[in-house]
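K.L.:
Protein chains in written order, with the working numbering: chain V, 1 to 102; chain P, 103 to 280.
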């Protein structure tokens, strides 16, 4: 085990709670818009940490670039998909959930 | 783009130049995907050529004046805000009382129409507490997790950074609440 293996392992472990938090947000948040926030942001950070952790343990630069490519594609896909879902919801007149102000 | 009045090499460059970054990107992509195996180039070269021609048919290349220092500044800004956005939403999701004050806000563009606006709209969705919901010729509509936060200031800063990366001028008038 080298230092980069340890740091890499720590980053992977650090990333996992964000996937959990994203899923908790998906289940707990009140409407489609807020759920999209939870899914895109928490999962992207989780994936970013996992990818960074795996890249530190990768055998070659090619593997590192492949990991970065995966991360980039997921970022583009999740930003685009969440935008399309939010836009469709807005066009269908789905009012965003509002906090009750005391 | 103004017509190029230079000598022959410059004219050739002005015809081939705009598409070259795209070709280089596709080649790099193949190299990464195939793991650099020499035998894979037999399939790779025609595949890259086909992908390049298809991409030219779908969208014309334009000359972009990328600014590398601005790009690196942007990447570090993006990394920091991704972490903040992820931590923020994870905190809200796990907090027993789930602190949310969502709302819809509008932001009037200063960026000129074009792919940079789509880029900005996508980046906005990855930053803390904002989700792009609609973009039209005039403004960007966002859903925000906490409408009490000063989103317009943050957006103005982000927009300026995007403009800086692509070397675009921003008009002097204030972007902001629509």
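Glycine included, C-beta positions come from ideal geometry on N, C-alpha and C.
Let's see if you can read the secondary structure: which residues bound the beta strand (DSSP E) around residue 243/P?
P.N.:
Translated into the one-based positions of the second chain, residue 243/P becomes position 141. Counted as a single uninterrupted DSSP element, the beta strand (DSSP E) harbouring residue 243/P occupies residues 241–246.
K.L.:
Starting from residue 229/P, follow the alpha helix (DSSP H) in both directions and report where the run begins and ends.
P.N.:
Along the second chain, read from residue 1 onward, the residue named residue 229/P stands at position 127. Note, residue 229/P: premise wrong, no alpha helix (DSSP H); not H, not E.
K.L.:
Does any residue of chain V have a CB that is nearer than 7 Å to the CB of residue 173/P?
P.N.:
The sequence position of residue 173/P within the second chain is 71, counting from 1. Judged by the 7 Å Cβ criterion, residue 173/P is not in contact with chain V.
K.L.:
For residue 178/P, go through chain V and note every residue whose CB falls closer than 7 Å to its CB, in chain order.
P.N.:
In the second chain, counting from the first residue as 1, residue 178/P sits at position 76. Neighbours of residue 178/P on chain V: none; closest Cβ ~14 Å, over 7 Å.
K.L.:
When the Cα atoms are used, what is the spatial distance from residue 165/P to residue 132/P?
P.N.:
In the second chain, the residue the question calls residue 165/P occupies position 63. In the second chain, the residue the question calls residue 132/P occupies position 30. Their backbone Cα atoms lie some 23 Å apart in a straight line.
K.L.:
Please report the distance separating the alpha-carbon of residue 128/P from that of residue 122/P.
P.N.:
As a position in the second chain, residue 128/P is number 26, starting the count at 1. As a position in the second chain, residue 122/P is number 20, starting the count at 1. Computed Cα separation, rounded: 10 Å.
K.L.:
Enumerated in chain order, which unbroken segments of the alpha helix (DSSP H) with a length of 4 residues or greater are wholly contained in the region 122–201 of chain P?
P.N.:
Here the runs fully enclosed are 122–136, 143–160 and 170–196.
K.L.:
Does the CB of residue 18/V have a neighbour CB from chain P at under 7 Å?
P.N.:
Against the first chain, residue 18/V aligns to sequence position 18. Chain P contact via Cβ: present.
K.L.:
Using CA coordinates, which residue listed in 177/P, 242/P, 198/P and 221/P is at the minimum distance from residue 211/P?
P.N.:
As a working note, residue 211/P is residue 109 in the second chain. The shortest C-alpha separation from residue 211/P is found at 242/P.
K.L.:
Measuring CB atoms only, is the region 192–200 of chain P touching the region 10–29 of chain V, in the sense that at least three cross pairs come out at less than 8 Å?
P.N.:
yes
K.L.:
With respect to the alpha helix (DSSP H) encompassing residue 210/P, which residues constitute its N-terminal and C-terminal limits?
P.N.:
The sequence position of residue 210/P within the second chain is 108, counting from 1. Element bounds for residue 210/P: not the alpha helix (DSSP H) but the beta strand (DSSP E), 205–210.
K.L.:
Mind checking if residue 206/P is an interface residue toward chain V, Cβ cutoff 7 Å exclusive?
P.N.:
Here residue 206/P corresponds to residue number 104 of the second chain, with the count starting at 1. With 7 Å as the cut-off, residue 206/P counts as an interface residue toward chain V.
K.L.:
Would you please verify whether the beta carbon of residue 35/V is less than 7 Å from any beta carbon of chain P?
P.N.:
Residue mapping note: residue 35/V aligns to position 35 of the first chain, counting from 1. No, residue 35/V lies away from the interface with chain P (no Cβ there is under 7 Å from its Cβ).
K.L.:
With respect to the alpha helix (DSSP H) encompassing residue 137/V, which residues constitute its N-terminal and C-terminal limits?
P.N.:
This structure gives no information on residue 137/V, because the portion of chain V shown stretches from 1 to 102.
K.L.:
May I ask you to report which of helix, strand or coil DSSP gives residue 251/P?
P.N.:
To locate residue 251/P, count along the second chain from 1; it is residue 149. Residue 251/P: coil per DSSP, three-state reduction.
K.L.:
Note down, in chain order, all residues in the region 112–141 of chain P with a beta-carbon under 7 Å from any beta-carbon belonging to chain V.
P.N.:
134, 137 and 138
K.L.:
Enumerate in chain order the residues of its own chain whose CB-to-CB distance from residue 227/P is below 6 Å, with the five nearest sequence positions on each side excluded.
P.N.:
Numbered from its first residue, the second chain carries residue 227/P at position 125. The residues are 233 and 234.
K.L.:
Quick check: the region 49–67 of chain V against the region 197–209 of chain P, are at least 3 beta-carbon pairs closer than 8 Å?
P.N.:
no
K.L.:
Please look up how many angstroms separate the CB atoms of residue 168/P and residue 268/P, rounded, as I've assumed it's under 8 Å.
P.N.:
Locating residue 168/P in the second chain gives position 66, counting from the first residue. Locating residue 268/P in the second chain gives position 166, counting from the first residue. Their Cβ separation, rounded to whole angstroms, is 7 Å, which keeps residue 168/P and residue 268/P in contact under 8 Å.
K.L.:
With contact counted as at least three CB pairs below 8 Å, one residue from each stretch, are the region 80–91 of chain V and the region 36–46 of chain V in contact?
P.N.:
By the C-beta criterion, the region 80–91 of chain V is judged to be in contact with the region 36–46 of chain V, since at least 3 inter-stretch pairs fall below 8 Å.
K.L.:
State the Cα-Cα distance for the pair residue 43/V and residue 113/P, rounded to the nearest angstrom.
P.N.:
For the purposes of this step, residue 43/V is taken as residue 43 along the first chain, with counting starting at 1. For the purposes of this step, residue 113/P is taken as residue 11 along the second chain, with counting starting at 1. Residue 43/V and residue 113/P: Cα-Cα distance of roughly 47 Å.
K.L.:
Do you know how far the Cα of residue 92/V is from the Cα of residue 214/P?
P.N.:
As a working note, residue 214/P is residue 112 in the second chain. As a working note, residue 92/V is residue 92 in the first chain. Cα to Cα, residue 214/P sits roughly 28 Å from residue 92/V.
K.L.:
Show which residues of chain V have a CB atom less than 7 Å away from the CB atom of residue 254/P.
P.N.:
The residue labelled residue 254/P in the question sits at position 152 within the second chain. Near residue 254/P there are no residues of chain V at all, since even the closest Cβ is about 18 Å away, more than 7 Å.
K.L.:
Mind reading off the beta-carbon distance from residue 145/P to residue 62/V? Whole number of angstroms is fine, and I expect it under 8 Å.
P.N.:
Indexing the second chain from 1 puts residue 145/P at position 43. Indexing the first chain from 1 puts residue 62/V at position 62. The Cβ separation is near 17 Å, so there is no contact.
K.L.:
Hey, does residue 236/P have any beta-carbon neighbour from chain V nearer than 7 Å?
P.N.:
Counting from 1 along the second chain, the entry for residue 236/P is found at position 134. It does; some Cβ of chain V falls within 7 Å.
K.L.:
What do you get for residue 96/V, buried or exposed, if any count of 16 or more other CB atoms within 10 angstroms of its CB means buried?
P.N.:
For the purposes of this step, residue 96/V is taken as residue 96 along the first chain, with counting starting at 1. With 16 or more other CB atoms across the displayed protein chains lying within 10 angstroms of its CB, residue 96/V is buried.
K.L.:
With a 10 Å radius around its C-beta and 16 neighbouring C-beta atoms as the bar for buried, classify residue 162/P as buried or exposed.
P.N.:
Residue numbering aside, residue 162/P sits at position 60 when the second chain is read from its first letter. Looking at its Cβ environment, which holds fewer than 16 other Cβ atoms inside 10 Å, residue 162/P is exposed.
K.L.:
State the DSSP-derived secondary structure class of residue 20/V, mapped to helix, strand or coil.
P.N.:
The sequence position of residue 20/V within the first chain is 20, counting from 1. Three-state DSSP puts residue 20/V in a helix.
K.L.:
Just the Cα atoms here: how many angstroms apart are residue 26/V and residue 256/P?
P.N.:
Working through the first chain from its first residue, we reach residue 26/V at position 26. Working through the second chain from its first residue, we reach residue 256/P at position 154. If you take the alpha carbons of residue 26/V and residue 256/P, they lie about 26 Å apart.
K.L.:
Indicate whether at least one CB of chain V lies closer than 7 Å to the CB of residue 145/P.
P.N.:
Within the second chain, residue 145/P is the residue found at index 43, counting from 1. Contact of residue 145/P with chain V is not assigned, every C-beta pair being separated by 7 Å or more.
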